[in-house]
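As given, the protein sequences belong to chains Z and R, one line each in that order. My numbering puts the last residue of the first sequence at 136; the count rises by one with no breaks. My numbering puts the last residue of the second sequence at 136; the count rises by one with no breaks. In what follows, a structure is listed as structure tokens, so that the remarks can point back to it.
Protein chains: 2
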Amino acid sequence: MPTQPATALDHTLIALADPTRRAILRRLAQGEARVTELAEPFAISLNSVSKHIRLLERAELVVRERRGREHILRFRPEPLIGARDWIDRQQKFWKQGLEALDAVLAAETDKETRNDRQD
Amino acid sequence: MPTQPATALDHTLIALADPTRRAILRRLAQGEARVTELAEPFAISLNSVSKHIRLLERAELVVRERRGREHILRFRPEPLIGARDWIDRQQKFWKQGLEALDAVLAAETDKETRNDRQD
DNA sequence: GCTTCATTCACCCTAAAGGATGAATATCAT
DNA sequence: ATGATATTCATCCTTTAGGGTGAATGAAGC
């Protein structure tokens, strides 16, 4: 049992956390492709690629259009925004944390300075 | 057997792909903390948190300093840069792909236009 | 010394990822 | 109708993630 249900951000980051899937996305960023075309560069089975695509679909990084017997995959960039935003916020929080720490250290120094004056 | 050995980027994205670990990082962005402090907000066992921290260390998103019997964890933002860069590059590639597609469509339209003129 | 506290180690369990293969399905071509 | 092509479905296997518990380690405190 998962403690919390998986969110869209979870699905996005899970999807990005595999090199095969990232390679598939890079390929799709340059234009739509069929499953077989996507599988071609990899040493793994077509079936494994099919599963990778399913995870990319779950993350909505890829959409599928059935055109007769072939499935056309297209890249969708939207989920990347959420991932990028999380990273940016994290970095921002960290810088704020540093500033807060600096403020504390400055206050300490100031107090010491004042103490020095009182001595 | 993994087809390819895991890279730093793999480790980073794997580490980010869990909500508990992201919460730990958010906490650490505001300042260092001990394992027990990090575990406190979560309903899971101290042991599970300890394992999450190990994955964060593997990704070098966190460093540990043993201070007597307690372990002080600190956030390290560097690996986030690699993750952000991947996302940015992906988005850039996609926009370039769109421009290339536009160019093709423009050429098509141009050809049709010229054909129209010839008609 | 002994006890308490902080953390990990050694297991165990379950679910999911990542891979494989072989059969099924659906479409296209003849 | 037959055969080839594109893709998934149904299994199976192995590894890892994510959770748990209880024991072991190591440092503090008394």
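Glycine included, every Cβ here is placed at the ideal spot set by N, Cα and C.
So the candidates are the options; which of them puts its Cα closest to the Cα of residue i?
i	options	result
R:Leu63	R:Arg43, R:Arg75, R:Thr37 and R:Val79	R:Thr37
Z:Val79	Z:Thr20, Z:Arg101, Z:Ala117 and Z:His28	Z:His28
Z:Ile104	R:Gln108, R:Lys112 and R:Glu95	R:Glu95
R:Ile61	Z:Gln21, Z:Glu116 and Z:Phe92	Z:Gln21
Z:Ala113	R:Leu45, R:Leu26, R:Ala34 and R:Leu30	Sequence inspection shows Gln at residue 113 of chain Z; the Ala mentioned does not correspond to that position. It is R:Leu45 whose Cα lies nearest to the Cα of Z:Gln113.
Z:Phe92	Z:Asp119, Z:Ser65 and Z:Arg51	Z:Arg51
R:Ile98	Z:Ile98, Z:Gln108, Z:Gly99 and Z:Leu97	Z:Gln108
R:Glu87	R:Ile31, R:Leu115 and R:Thr53	R:Thr53
R:Glu74	R:Ile41, R:Glu116 and R:Phe59	R:Ile41
Z:Arg43	R:Arg83, R:Ala32 and R:Trp111	R:Trp111
R:Lys68	R:Leu115, R:Ala32 and R:Ala124	R:Ala32
Hey, would you say residue i sits closer than 8 Å to residue j, going by beta carbons?
i	j	result
Z:Arg81	Z:Leu72	no
Z:Ala34	R:Ala34	yes
R:Arg101	Z:Arg101	yes
Z:Gln118	R:Gly85	Note on identity: in this sequence residue 118 of chain Z is Leu, with Gln being the wrong assignment. No, they are not a contact pair.
Z:Ala56	Z:Val66	yes
Z:Leu30	R:Leu122	no
For residue i, which three-state DSSP category applies?
i	result
Z:Arg75	helix
Z:Arg101	helix
R:Arg93	coil
Z:Arg86	coil
Z:Asp133	Because the pLDDT at Z:Asp133 is just 44, under 50, the model does not fix this residue reliably, and the value given afterwards should be weighed accordingly. Helix at Z:Asp133.
R:Leu33	helix
Task: Every unbroken alpha helix (DSSP H) within the stretch 39–70 of chain Z, with a cutoff of 4 residues, ordered by chain - done: 52–56
Task: Residues within the stretch 52–71 of chain R neighbouring chain Z, beta-carbon criterion of under 9 Å - done: Phe59, Ala60 and Ile61
Open item on the list: Please identify, using Cβ separations under 9 Å, the residues of the stretch 81–105 of chain Z that lie next to chain R, in order along the chain.
Closed with: Phe92, Pro94, Leu97, Ile98, Ala100, Arg101, Trp103, Ile104 and Asp105
Task: Interface residues of the stretch 32–44 of chain Z facing chain R [CB-CB below 9 Å] - done: Ala32, Leu33, Ala34, Asp35, Pro36, Thr37, Arg39, Leu42 and Arg43
Task: Selection of the stretch 105–120 of chain Z by Cβ proximity to chain R, strictly under 7 Å - done: Gln107, Gln108, Phe110, Trp111, Gly114 and Leu118
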